[in-house]
Amino acid sequence: MRTRHPRRWTTCLVIVVGAAAGCGGTPEPAAAPERKAGTKPAASTEAERAAEKAALVAYSGYLHASREASRDSDPRHPGLTRFLADPLLTRVRVAISETRRHGAVRTGTLRSDPAVTSVNLDTVPQTVEIQDCLDATGYRLVYAKDRRVVPGSGGNRHLATATATRYPDGRWLINAGAGHEDQPC
Numbered sequence: 005m006r007t008r009h010p011r012r013w014t015t016c017l018v019i020v021v022g023a024a025a026g027c028g029g030t031p032e033p034a035a036a037p038e039r040k041a042g043t044k045p046a047a048s049t050e051a052e053r054a055a056e057k058a059a060l061v062a063y064s065g066y067l068h069a070s071r072e073a074s075r076d077s078d079p080r081h082p083g084l085t086r087f088l089a090d091p092l093l094t095r096v097r098v099a100i101s102e103t104r105r106h107g108a109v110r111t112g113t114l115r116s117d118p119a120v121t122s123v124n125l126d127t128v129p130q131t132v133e134i135q136d137c138l139d140a141t142g143y144r145l146v147y148a149k150d151r152r153v154v155p156g157s158g159g160n161r162h163l164a165t166a167t168a169t170r171y172p173d174g175r176w177l178i179n180a181g182a183g184h185e186d187q188p189c
């Protein structure tokens, strides 16, 4: 398959692996808070513990829905809107659409080890910050037609960050995220 900018579309496709770092436009900051093994902020109230739990459920749902959508190259997969909100929802859909346009799909396993790094219940909207070590070494981008691995799409273990936001209807959705592939974990 020939494309005018194969490196660019491959980069866009790889993004769905992480927390959708984005293609084109303004890049997400490369620096992320350093994660110390086995540490997370102490939840001082029941409300904070509930927010942590809900945010991690949303994050897990986001990863699951994006894996399913990427497996089928379906940017309209219903699970995406269940766990994602804009601007991240649009970025993930664009990346999956690019995958589909180039005849590729995702296969394999993506491993995740998320932890809450902060809970902000005094802000409007309320937010929870999540940091993750994504292991994409077994998660491959392949051409749907013959299952050949797309060149330059190999995965690695890297840091990812995401923000879960509580919406007026009470749902916690992931609306921001970045993959920090330059920061192994």
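Residues in the sequence shown are numbered consecutively from 5, following my numbering.
Beta carbons: idealized from backbone N, C-alpha and C, even for Gly.
In this text, all values refer to a predicted model and were calculated from it rather than measured experimentally.
| request: Please state if the CB of Pro79 and the CB of Arg104 are separated by a distance shorter than 8 Å. | output: yes
| Can you tell me whether DSSP reads Gly42 as helix, strand or coil? | Because Gly42 sits at a pLDDT of 47, beneath the cut-off of 50, its placement in the model cannot be relied upon, and the point is left open.
| query | How far does the alpha helix (DSSP H) with Glu185 in it reach, from first residue to last? | reply | Segment: none, Glu185 is in no alpha helix (DSSP H) and carries neither H nor E.
| From what residue to what residue does the alpha helix (DSSP H) around Trp55 run? | The question names Trp, but residue 55 is Ala in the sequence shown. Unbroken alpha helix (DSSP H) run through Ala55: 50 to 76.
| message | Rounding to the nearest angstrom, what Cα-Cα distance links Gly183 and Ala69 in this structure? | response | Spanning the two alpha carbons is a distance of roughly 17 Å.
| task | Assuming Leu125 and Glu52 form a contact by the criterion Cβ under 8 Å, report the distance between their Cβ atoms to the nearest whole angstrom. | result | 6 Å
| said: Using the three-state DSSP reduction, which class does Gly83 fall into: helix, strand or coil? | reply: helix
| query | Can you tell me where the beta strand (DSSP E) with Ser101 in it begins and where it stops? | reply | Taken as a continuous stretch (DSSP letters only), Ser101 belongs to no beta strand (DSSP E), being part of the alpha helix (DSSP H) at 92 to 105.
| field | Simplified DSSP assignment, three categories, for Gly158 | value | coil
| request: Mind checking which residues open and close the beta strand (DSSP E) that includes Thr113? | output: 108 to 115
| field | In DSSP terms, what Leu138 is bridged to | value | His162
| said: Within the continuous beta strand (DSSP E) that includes Ala119, where are the two ends? | reply: 119 to 124
| What's the gap between the Cα of Leu93 and the Cα of Tyr66? | Each residue's alpha carbon lies about 10 Å from the other.
| field | C-alpha distance - Leu88 paired with Tyr147, whole-angstrom precision | value | 26 Å
| How big is the Cα-Cα spacing for Thr121 and Asp76? | 32 Å
| query | From Pro82, Leu138, Ile134, pick the residue whose C-alpha is nearest to that of Gln187; which is it? | reply | Leu138
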